[in-house]
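Below is one structure, written out as structure tokens, with a few remarks after it.
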Amino acid sequence: MVPASADEVFARIAEFLQAQQYNPGFEMDPERGLIAQQGGWWYRGEYLVVDDPAGARVTHRVYNVASRGRWAVPLANRFFAGFDGRVREGFDRMMGDVARSIRDRRTLS
Numbered sequence: 363m364v365p366a367s368a369d370e371v372f373a374r375i376a377e378f379l380q381a382q383q384y385n386p387g388f389e390m391d392p393e394r395g396l397i398a399q400q401g402g403w404w405y406r407g408e409y410l411v412v413d414d415p416a417g418a419r420v421t422h423r424v425y426n427v428a429s430r431g432r433w434a435v436p437l438a439n440r441f442f443a444g445f446d447g448r449v450r451e452g453f454d455r456m457m458g459d460v461a462r463s464i465r466d467r468r469t470l471s
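Numbers 363 to 471, taken from this note's numbering, label the letters of the sequence shown in order.
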């Protein structure tokens, strides 16, 4: 949960993700509040930003979109010990950055 409007949070998340050095597939659908990144042979991450009485609720989901070798993704990810934890930590860190950037912008206004 980020204490700001969904539109504001959506814009900041899009800004952060578009600034990443590796960003081969990027999609935005502001009407649905959806931002997606796709890269490599299997990864698709989707961020859904919706209004909530407390601010903006952000949901991050990771999908296996491999067209071939789909079965190998869970097996391969076992070799990347801590992948799940790193994804969660990265999401938490980004949400903190988003909240700080919005707070800082409001302070400067």
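Built from N, CA and C at the ideal position, the CB exists for glycine as well. It should be emphasised that the depicted structure is a prediction, and the values quoted were computed from it without experimental measurement.
For residue i versus residue j, is the C-beta distance shorter than 8 Å?
i, j, result
"M457", "D414", "no"
"V460", "V371", "yes"
"S367", "A418", "yes"
"V427", "Q400", "yes"
"G395", "V411", "yes"
"I397", "Y384", "no"
Closer than 6 Å by C-beta to residue i: which residues in its own chain qualify, once you throw out the five before and the five after it? Chain order, please.
i, result
"P365", "G417"
"Y425", "R406"
Alpha carbon to alpha carbon, how far is residue j from residue i? Give it in angstroms, no decimals.
i, j, result
"F378", "G407", "14 Å"
Please list, in chain order, all residues of the same chain as residue i whose beta carbon is under 7 Å from its beta carbon, the five residues on each side excluded.
i, result
"R374", "V460, S463 and I464"
How far does the beta strand (DSSP E) with residue i in it extend, from its first residue to its last?
i, result
"R432", "Taken as a continuous stretch (DSSP letters only), R432 belongs to no beta strand (DSSP E), as it is neither H nor E."
Residues in its own chain within less than 8 Å of residue i by CB, not counting five upstream and five downstream?
i, result
"A434", "A428"
Mind checking which residues open and close the alpha helix (DSSP H) that includes residue i?
i, result
"V371", "A368 to Q380"
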